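Asker: The numbering of the sequence shown is full-length UniProt numbering, which starts it at 1 and goes up by one.
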Amino acid sequence: MRFNYDDFSAPLPHRNTRIVVQDRVLYINSGWLAELSPFFASMFFGEKAIKDFELPSDINYEDFLELMRVVFYCPKRKPITVLNVAMVLPMAIRFDMPMVVKRCEEIIAREVNTMSKAKLFEMATVVSQCDRHSFAKWPHLSTQCHR
Numbered sequence: 001m002r003f004n005y006d007d008f009s010a011p012l013p014h015r016n017t018r019i020v021v022q023d024r025v026l027y028i029n030s031g032w033l034a035e036l037s038p039f040f041a042s043m044f045f046g047e048k049a050i051k052d053f054e055l056p057s058d059i060n061y062e063d064f065l066e067l068m069r070v071v072f073y074c075p076k077r078k079p080i081t082v083l084n085v086a087m088v089l090p091m092a093i094r095f096d097m098p099m100v101v102k103r104c105e106e107i108i109a110r111e112v113n114t115m116s117k118a119k120l121f122e123m124a125t126v127v128s129q130c131d132r133h134s135f136a137k138w139p140h141l142s143t144q145c146h147r
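1) May I ask you to list the residues that DSSP assigns as paired with residue 52?
2) Where does residue 5 fall in DSSP's three states?
3) Return the residue from the list 92, 86, 95 that minimises the CA-CA distance to residue 112.
4) Pick out the complete alpha helix (DSSP H) segments inside the region 55 to 115, 4 residues or longer, and give them in chain order.
5) Measure the alpha-carbon distance for residue 67 versus residue 118 and round it to whole angstroms.
6) Let's see if you can read the secondary structure: which residues bound the alpha helix (DSSP H) around residue 12?
7) Please report the Cβ distance between residue 99 and residue 12, rounded to the nearest whole angstrom; I am assuming they are in contact, meaning their Cβ atoms lie under 8 Å.
8) Would you tell me roughly how many angstroms separate the C-alpha atoms of residue 24 and residue 115, rounded to the nearest one?
9) To which residues of the same chain is residue 70 closer than 8 Å at the C-beta, ignoring the five residues directly before and after it?
10) Using the C-alpha atoms, what's the distance from residue 18 back to residue 57?
11) Apart from the five residues on each side of it in sequence, which residues of its chain come closer than 7 Å, Cβ to Cβ, to residue 147?
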């Protein structure tokens, strides 16, 4: 069954903070995002708190939207799967979201034995770009990449 997830393009009573990504606006709940990320907590509630935030130009809109869909109930939270973990993990690391990183790690560890060689290579590439000490932290991925 397909599910249509929110695109965060319209403000709601509890989603009124604007994040601009590649000239497109997403309306998010800054309190919930701050609960999940020290980066966003500082941005929205720190000493120099801001209401609207424009992300750097190297942040891909689709990748950031996918991150929002896996952290917010919109109305249902999108699961992290083998299909989207390569998009979500770099965003979660970049924005310091340890609970999301942990969910990504669990998906990779659980699914690594079922991944094709192409998917394993994609995962290894993503993980190594996110963390130069990655293979020490991801023994399942390291083992599978050398099969």
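C-beta: ideal position from N, C-alpha, C; glycine also. All values derive from a computational prediction rather than experimental measurement.
Answerer: Taking the definition as stated:
1) For the purposes of this step, residue 52 is identified with residue 52 of the sequence shown, where counting begins at 1. Residue 52 pairs with 18.
2) For the purposes of this step, residue 5 is taken as the residue at position 5 of the sequence shown. Coil.
3) Within the sequence shown, numbered from 1, the residue matching residue 112 stands at position 112. Selected option, being the one with the closest Cα: 86.
4) Taking only runs of at least 4 residues, the alpha helix (DSSP H) segments lying wholly in the region 55 to 115 are 61 to 71, 85 to 94, 98 to 111.
5) Within the sequence shown, the letter at position 67 stands for residue 67. Within the sequence shown, the letter at position 118 stands for residue 118. The alpha-carbon atoms of residue 67 and residue 118 are separated by roughly 23 Å.
6) As a position in the sequence shown, residue 12 is number 12, starting the count at 1. Here residue 12 belongs to no alpha helix (DSSP H), and DSSP marks it neither H nor E.
7) For this step, residue 99 is matched to residue 99 along the sequence shown. For this step, residue 12 is matched to residue 12 along the sequence shown. The pair is not a contact, with the Cβ atoms about 23 Å apart (cut-off 8 Å).
8) Counted from its first residue, the sequence shown places residue 24 at position 24. Counted from its first residue, the sequence shown places residue 115 at position 115. Roughly 34 Å separates the two Cα atoms.
9) One-based indexing of the sequence shown puts residue 70 at position 70. The residues are 77, 78, 79, 80, 84, 88, 100, 103.
10) Position 57 of the sequence shown holds residue 57. Position 18 of the sequence shown holds residue 18. In this structure, the CA atom of residue 57 is about 16 Å from the CA atom of residue 18.
11) Taking the sequence shown and counting its residues from 1, one reaches residue 147 at position 147. Only weak support is given to the placement of residue 147: the predicted model assigns it a pLDDT of 43, under 50, and the value that follows is read from those uncertain coordinates. Contacts found: none.
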